[in-house]
Each structure stands twice: as structure tokens, then as C-alpha cells.
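Peer 1: Note that the protein sequences, when read in sequence, are chains A and B. Residue numbering for the first sequence follows this note's numbering, beginning at 31 and increasing consecutively. Residue numbering for the second sequence follows this note's numbering, beginning at 23 and increasing consecutively. The beta-carbon is built from N, C-alpha and C at its ideal position, and this holds for glycine as well. If you're wondering where the values come from, they're calculated on a predicted model, not measured in any experiment.
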Amino acid sequence: MLLENKVAIVTGGAKGMGRGICLKFAQEGAKVVACDLDYEGCQSVAAEVKAAGGEALAFKTDITKSADIKQMVDGTLAEFGTIDVLVNCAGGVPGTHASGATGTMSEAEWNRIININLTGPWLVTEAVLPTMKEKKSGSIMFISSMGAVQPVVPVLHYHSAKAGVIGLSLNLAFELAPIGIRVNTIVPGPIETTFWDSLLPAGPERDEFFSVLSKHEVPVGRMGTSEDIAGAALFLASDLSAFYTGQTMCVAGGQPMHSHNTVFNIERYLKERGLL
Amino acid sequence: MSDLTGKVALVTGAAAKRSMGRGIAVQLAKDGADVVVSDKFAVPATIWAEDQDWKGLDDVVAEIRALGRKGVALTCDVGNSADVEALVDWTLEECGKIDILVHCVGVRGPVPVPVVELGEDTWRMLVDVNLTGAFLVCKAVAKTMIPDPEGKKIVLISSMAGVGPYPGGAGYCASKHGLLGLMKTLARELAPYKINVNAINPGGFDTNFRDDSVAKQAEDRGVSVEESQKAGTAGPTGQAGPPPIPLGRLGTPQDIADLVSFLVSDQAKYITGEDINLSGGAN
Numbered sequence: 031m032l033l034e035n036k037v038a039i040v041t042g043g044a045k046g047m048g049r050g051i052c053l054k055f056a057q058e059g060a061k062v063v064a065c066d067l068d069y070e071g072c073q074s075v076a077a078e079v080k081a082a083g084g085e086a087l088a089f090k091t092d093i094t095k096s097a098d099i100k101q102m103v104d105g106t107l108a109e110f111g112t113i114d115v116l117v118n119c120a121g122g123v124p125g126t127h128a129s130g131a132t133g134t135m136s137e138a139e140w141n142r143i144i145n146i147n148l149t150g151p152w153l154v155t156e157a158v159l160p161t162m163k164e165k166k167s168g169s170i171m172f173i174s175s176m177g178a179v180q181p182v183v184p185v186l187h188y189h190s191a192k193a194g195v196i197g198l199s200l201n202l203a204f205e206l207a208p209i210g211i212r213v214n215t216i217v218p219g220p221i222e223t224t225f226w227d228s229l230l231p232a233g234p235e236r237d238e239f240f241s242v243l244s245k246h247e248v249p250v251g252r253m254g255t256s257e258d259i260a261g262a263a264l265f266l267a268s269d270l271s272a273f274y275t276g277q278t279m280c281v282a283g284g285q286p287m288h289s290h291n292t293v294f295n296i297e298r299y300l301k302e303r304g305l306l
Numbered sequence: 023m024s025d026l027t028g029k030v031a032l033v034t035g036a037a038a039k040r041s042m043g044r045g046i047a048v049q050l051a052k053d054g055a056d057v058v059v060s061d062k063f064a065v066p067a068t069i070w071a072e073d074q075d076w077k078g079l080d081d082v083v084a085e086i087r088a089l090g091r092k093g094v095a096l097t098c099d100v101g102n103s104a105d106v107e108a109l110v111d112w113t114l115e116e117c118g119k120i121d122i123l124v125h126c127v128g129v130r131g132p133v134p135v136p137v138v139e140l141g142e143d144t145w146r147m148l149v150d151v152n153l154t155g156a157f158l159v160c161k162a163v164a165k166t167m168i169p170d171p172e173g174k175k176i177v178l179i180s181s182m183a184g185v186g187p188y189p190g191g192a193g194y195c196a197s198k199h200g201l202l203g204l205m206k207t208l209a210r211e212l213a214p215y216k217i218n219v220n221a222i223n224p225g226g227f228d229t230n231f232r233d234d235s236v237a238k239q240a241e242d243r244g245v246s247v248e249e250s251q252k253a254g255t256a257g258p259t260g261q262a263g264p265p266p267i268p269l270g271r272l273g274t275p276q277d278i279a280d281l282v283s284f285l286v287s288d289q290a291k292y293i294t295g296e297d298i299n300l301s302g303g304a305n
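#1: So, is the C-beta of G284/A closer than 8 Å to a C-beta in chain B?
#2: Am I right that I122/B and K29/B are in contact with their C-beta atoms under 8 Å? What's the rounded C-beta distance?
#3: Would G200/B pass as a contact of L148/B if the rule is Cβ separation under 8 Å?
#4: Do G283/A and G254/A come within 8 Å of each other at the CB atom, strictly closer than that value?
#5: Using a beta-carbon distance below 8 Å, is Q289/B in contact with chain A?
#6: For P268/B, would you say it is in contact with chain A, using Cβ-to-Cβ distances shorter than 8 Å as the test?
#7: Could you tell me whether the Cβ of F284/B comes closer than 8 Å to any Cβ of chain A?
#8: So, for L208/B: in the same chain, excluding its five sequence neighbours on each side, which residues have a beta-carbon less than 8 Å away from its beta-carbon?
#9: Where do the N-terminal and C-terminal ends of the alpha helix (DSSP H) with P224/B fall, by residue?
#10: Can you say whether T27/B is buried or exposed, counting buried as having 16 or more other CB atoms within 10 angstroms of its CB?
#11: With a threshold of 8 Å between beta carbons, is C52/A in contact with chain B?
#12: Going by DSSP in three states, V182/A sits in which element: helix, strand or coil?
#13: Can you confirm whether D280/B, when its beta carbon is compared against all beta carbons of chain A, has any partner nearer than 8 Å?
#14: Secondary structure at D228/B, three-state DSSP: helix, strand or coil?
#15: Taking the alpha helix (DSSP H) that S235/B falls in, what are its first and last residues?
#16: Helix, strand or coil, according to DSSP, for A262/B in the structure here?
#17: Out of curiosity, what's the CA-to-CA distance linking I39/A and A64/A?
#18: Can you list, in chain order, the residues of the stretch 128-149 of chain B whose Cβ is nearer than 8 Å to any Cβ on chain A?
#19: So, with DSSP's three-state summary, where would you put G302/B?
#20: Identify each residue in the stretch 199-219 of chain B for which the Cβ-Cβ distance to at least one residue of chain A is less than 7 Å, and report them in chain order.
#21: Please give the ranges of any alpha helix (DSSP H) in the stretch 87-148 of chain A, keeping only runs that are unbroken, at least 4 residues long and fully inside the region.
#22: Quick check on the burial criterion: 16 or more other C-beta atoms within 10 angstroms. Buried or exposed for I99/A?
#23: At 4 residues or longer, and completely inside the stretch 175-259 of chain A: list those alpha helix (DSSP H) runs for me, N to C.
#24: If we count the other Cβ atoms within 10 Å of its Cβ and call it buried at 16 or more, is S246/B buried or exposed?
#25: Run the CB neighbour count on P258/B, radius 10 Å, all protein chains shown included, and call it buried at 16 or more, exposed below.
#26: M279/A bridges to which residues according to DSSP?
#27: Just the Cα atoms here: how many angstroms apart are D105/B and L96/B?
#28: I need the boundaries of the beta strand (DSSP E) containing I122/B, first residue and last residue.
#29: Please compile the residues from chain A whose C-beta is within a distance smaller than 9 Å of the C-beta of I293/B.
#30: Let me check understanding here. Comparing Cα to Cα, which of G219/A, G130/A and F265/A lies closest to S228/A?
#31: If we define contact as Cβ-Cβ less than 8 Å, is S271/A a contact residue for chain B?
#32: Give a yes or no on whether 8 Å exceeds the smallest Cβ distance from P208/A to chain B.
#33: Once the 5 residues before and after F308/A are set aside, which same chain residues still bring their CB inside 7 Å of it?
#34: Kindly give me the distance between the Cβ atoms of C126/B and M42/B, rounded to whole angstroms, as I take these residues to be in contact under 8 Å.
#35: Please look up how many angstroms separate the CB atoms of L33/A and A267/A, rounded, as I've assumed it's under 8 Å.
#36: Enumerate, from N- to C-terminal direction, the unbroken beta strand (DSSP E) stretches of 3 or more residues contained entirely within the stretch 131-206 of chain B.
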């Protein structure tokens, strides 16, 4: 097993990619800490891990609140004694249907999304670093977004935060490499998760959208899954990637970053169907 | 990283004791694959006194067999299409199929040599081996993969010189940039068949690959090979001394073998068309 006895914190661990990462890590022997605003979801993940013979903790954590983060990190150290891996998976554009184009968002909305997607991951990272610095090892990862480097629909606040995450990751990698802490970012392509709920509710329209999107935009011809992202996270968390740091790893079914031959206009597609 | 039992891997450029190809071939065998190894010379020349007893491909095959896997070897000059066709035909005869291709063959020649002093012959040799060789091998192997493509994988070894400048290594740099163009296009062409094609860009590795440069710099400086090695070869900056690597050490064949193990595993099914830097943080 690749993560035997490693302790891994996964923010946003209740559902989607975070849940997939928790389950994958547990299968590989890690003690998993699932934290999320959705506490029931975390408990469900922890129960699934324990039912399979693993060890897991669940925390209700708002990553924009230092007190919540401290409680989660202290609780992890009290129970498991250390922290080896941090996956900053929490993020998104929750509780809004706004497109995020110019002229559509308030300053408060901008700040809220930047807080969730950039400031939050930084706060959680700061909170685990004392432990990792002391043991001079650790693997930290961030989840960015293809929209940060190759937007197909304007979502200014979210995509800016996700681009910021790449900068944060590179700077952390640069600072922390000499003391043995590795930092990388996964850039997912189109992944079929609950992330899409706020944009396009599950149903036939979403299925058709995914089908058209995969056909036109994803060379391998299918949407990605949480399992696909969890595989990359497993590599980055494990010692298999001991020489790998300061990188952005694209998991996108062949969609290249910075592509100039995008043929499918997602925004137009959604607008034509009255979905945006 | 996942169970490769029943799979057949072809690893080119695997004869040298300190090569990435050897490390990768042995790792794939550990993961459960049968492995065909190839190189231009069965026993490559070495500048290292302690490597004189190394029997090249035969020793790699012995390592694979010691892991309980089928291991076979054939020499092949990848710049020669007849040689490449023969390698692929023979692999199919011996093992029935090719599930995984890891193309490690590459040459850098002695560096640093600036463009204004770089011979046309050297330039053509570098492009022939690094780029045309990769094209010929990929073409021949991909043809065999397409009829039964599910789960098949191609990994090309490029270089950090494939994504940035390399003063004193123009032929190498240009051929590795070209290799990434080949990889990205091949990934698009083979994606409909669910064949994953990716590349790794190693930077700052301790392998036999640096032998030519160590020898050249020993001669330039009038010192022994051992002294030249200690002083370090010129890095991508053209400065003498080891390149600054944030993680504080040179990469090893095992480092790249681990990444290959990931890329050919079920964990990386949605990754294709990517070139992945493996450089200890030195971008």
C-alpha cells in the first residue's frame, strides 16, 4: 500500500473529488481526515472508510474561518499524532447561480468566492505547516481549474482564485522544497461531480451537456470522474512522487492547458438553451 | 502502482547500468509486466571504471527474470526504420502484443557547444535519434495497439530542455521540443482509441546520460573523469556546477520509474497529451 500509516487531511472531503480522494487514500492505507461544511457527508465518508477496516475522522470545517481550521488540525493531531498529506479540495461557487461575468457581481460576492477558493486553502496550509516543518516532510496539493488558464465561460472571481492557487502552490513549493515538503497542483478538466449542481442541476439537460462537451472538447471522449482525480492525488501524496514538486498536473482527458483550438463554445451552448 | 500482470511492456534505451530505461524496465517488471528491453548496443560504452563488468541488456533481462517475469532483449537503432520494424515484429512474435511503450532512447552529445560551433552532422544525428527515432518507434508500435487499444499506454521521455532553452545544447533542445509536438499530436490521434500518450520532462538526473559531457569537460579542463564528475557538468544555464535543484539532490532512475509506473497505471486513465516536469522543483 502506497500510503500506509500516513495521515491525510482532505478539505471538501464530503463529496465529489474530495470524497473520491478520501476513499482512494484509505484503500492505500492512509488515516483519513474528511472535513467539509457538510458534516453529515464527512461522517458518511468516515463511516465508509471504517467499515472497510480503515481509520478516519470527520470535521465540520469552514475553511474561511481560522477557528474552525484550528479545531480540525488540533483534533487530527490529538487522534492521529501527525499530518503527512494535505489535499486542499474544498472550493467552488456555492449558493449562487451567477455567471461571474463583468458587471454581474458585487464586491462582497467577489470577496466571498476569493475567500473560499484562495484564502481558505492558504489558511489551512498555514495551519498544517508547523507539523510538516517539524518533521521535515509532507505533501501538499491544491486543486485548480482549467478555467484558470483556459476559460471557456467567464467566471472572474472563481477562475481568478483558481489561478491564484497555482501561484500560491509554486511559491510554497519554492519555499518549502529545501525542507522536504512538496507542493503541487492538479488542474482537472471537465469532471462529473456535484460541483456542477449550482450551474446546471442533474437531469437530462445536464446529461446532454456533458455528452456534447465530452464529444467536442475532450479527446478521450468522456467526462472525468472523481476516481480520475483521486488517482493523480494518490501519486502526488505518495513517495512515488518524491522528486516531483512545484508542478501543475493536468488531468483532463487530453484537453491541453492553453489550447488555442477550442471548437466548442460552452457559453453559447448554455445561452442558446436558456441555461445561462 | 497498479497490477500489470499479463501486460507486455517495451522499453527502449535500457542497456546502460545508470540508465532511466533500466530503472523503468525493472519497475514495470516489479509491477507485474513482461518486459522487452532494447538499445542500440547490447553493452553500451561507459566511462566508469566500476561499471566495466556490466553486461548491458543481458543483465537487465536477468533482473527482470529474477522478478519472475518474462524478459527478453533485442538491439535496435531507432533511427533506422528497418531496425524498428524488426524490433516490433520480434516483440509480437515473442510476447504476442505490446501494451506499454516507454521510449527512453535519447542522446545529448557533448555539451556545452554553442550553435555557432555546432556541426551539421551532430545536429542531424541528434534530430535523427531523438525525434525521427521516436516517430518511427511510435508509428510502428501504435499500429499494433490500435486493433485492441483499450488500456494501452505510450510514455515518451523528453527533457526540461523540451520546454525551455538550453544554451550549449541546441540540437538536443530542438529535438526534445519536437518530441513534445509529436507526443501531443499522437495523443490527440490515439485518444479516440483510449490509448494514453504522455511525456516526462526530466531535469537534473544522475544517469549515464551525462557521460559524454563529463568526458568532454574532463578533457576541456585537463582533469580526470572522476574529478570532472565531482565538479559537476554544465547545467541548462551553461554554468559549470550542478544545477540548482530546490529538493537539493539529483534525480535517480527510480524517481522516473515511479512516475512511469503511475502513468501506465489505472490511476492515470484520464491523463493524456501531457508533458510532466520531473525536476525536483527546478522549472
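Peer 2: Reading it off the structure:
#1: What you label residue 284/A is simply residue 254 of the first sequence in a count that begins at 1. So yes, G284/A belongs to the interface.
#2: As a position in the second sequence, residue 122/B is number 100, starting the count at 1. As a position in the second sequence, residue 29/B is number 7, starting the count at 1. Yes, I122/B and K29/B are in contact; Cβ-Cβ is about 6 Å, under 8 Å.
#3: Here residue 200/B refers to the residue found at position 178 of the second sequence. Here residue 148/B refers to the residue found at position 126 of the second sequence. No, they are not a contact pair.
#4: For this step, residue 254/A is matched to residue 224 along the first sequence. For this step, residue 283/A is matched to residue 253 along the first sequence. Closer than 8 Å, so yes.
#5: Residue 289/B sits at position 267 when you count from the first residue of the second sequence. Chain A, which has a Cβ nearer than 8 Å to the Cβ of Q289/B, makes this yes.
#6: What you label residue 268/B is simply residue 246 of the second sequence in a count that begins at 1. Output row for P268/B: interface = yes.
#7: Locating residue 284/B in the second sequence gives position 262, where the first residue counts as 1. Yes, contact with chain A.
#8: As a first step, residue 208/B is located in the second sequence; it is residue number 186 there, counting from the start. Taken in chain order, the residues that qualify are C160, A164, I176 and V219.
#9: What you label residue 224/B is simply residue 202 of the second sequence in a count that begins at 1. No alpha helix (DSSP H) holds P224/B; the beta strand (DSSP E) holding it covers N218 to P224.
#10: In the second sequence, the residue the question calls residue 27/B occupies position 5. The residue is exposed, with fewer than 16 neighbouring Cβ atoms inside 10 Å.
#11: By 1-based counting over the first sequence, the position of residue 52/A is 22. No, no contact with chain B.
#12: Translated into the one-based positions of the first sequence, residue 182/A becomes position 152. V182/A: coil per DSSP, three-state reduction.
#13: Within the second sequence, the letter at position 258 stands for residue 280/B. Using a CB distance cut-off of 8 Å, D280/B counts as an interface residue toward chain A.
#14: Residue mapping note: residue 228/B aligns to position 206 of the second sequence, counting from 1. In this structure, D228/B counts as coil in the three-state DSSP scheme.
#15: As a position in the second sequence, residue 235/B is number 213, starting the count at 1. Per DSSP, S235/B belongs to the alpha helix (DSSP H) from D233 to R243.
#16: As a working note, residue 262/B is residue 240 in the second sequence. Caution applies to A262/B, whose pLDDT of 47 falls short of 50 and renders its modelled position unreliable; the value that the coordinates give is listed next. Coil, per DSSP.
#17: Working through the first sequence from its first residue, we reach residue 39/A at position 9. Working through the first sequence from its first residue, we reach residue 64/A at position 34. Computed Cα separation, rounded: 6 Å.
#18: none
#19: Looking up residue 302/B in the second sequence gives position 280. Coil, per DSSP.
#20: K206, A209, R210, A213, P214 and K216
#21: 96-110 and 137-144
#22: Here the question's residue 99/A lines up with position 69 in the first sequence. Burial call: buried.
#23: Qualifying alpha helix (DSSP H) stretches, in chain order: 176-179, 186-206 and 234-247.
#24: The residue given as residue 246/B occupies position 224 in the second sequence. By the 10 Å Cβ count, S246/B comes out exposed.
#25: For the purposes of this step, residue 258/B is taken as the residue at position 236 of the second sequence. Low per-residue confidence applies at P258/B: pLDDT is 44, beneath 50, and the placement is therefore not dependable enough to give any value.
#26: Along the first sequence, read from residue 1 onward, the residue named residue 279/A stands at position 249. Answer is I216/A, bridged to M279/A.
#27: Walking along the second sequence from the start, residue 105/B turns up at place 83. Walking along the second sequence from the start, residue 96/B turns up at place 74. Near 10 Å, if we compare the C-alpha coordinates of L96/B and D105/B.
#28: Position 100 of the second sequence holds residue 122/B. Start and end: I122 to H125.
#29: Taking the first residue of the second sequence as position 1, residue 293/B is located at position 271. Result: D258, G261, A262, M279, C280, V281, A282, G283 and G284.
#30: Within the first sequence, numbered from 1, the residue matching residue 228/A stands at position 198. Nearest option by C-alpha distance: G130/A.
#31: On the first sequence, position 241 is the one that residue 271/A refers to. Yes, contact with chain B.
#32: The sequence position of residue 208/A within the first sequence is 178, counting from 1. Yes, its Cβ sits closer than 8 Å to a Cβ of chain B.
#33: There is no way to answer for residue 308/A, as the model of chain A reaches only from 31 to 306.
#34: Mapped onto the second sequence, residue 126/B falls at position 104. Mapped onto the second sequence, residue 42/B falls at position 20. Contact flag correct, Cβ pair sits at about 5 Å.
#35: If you number the first sequence from 1, residue 33/A lands on position 3. If you number the first sequence from 1, residue 267/A lands on position 237. With 8 Å as the limit, L33/A and A267/A qualify as a contact, their Cβ atoms being about 6 Å apart.
#36: Counting only runs of 3 or more, we get 175-179.
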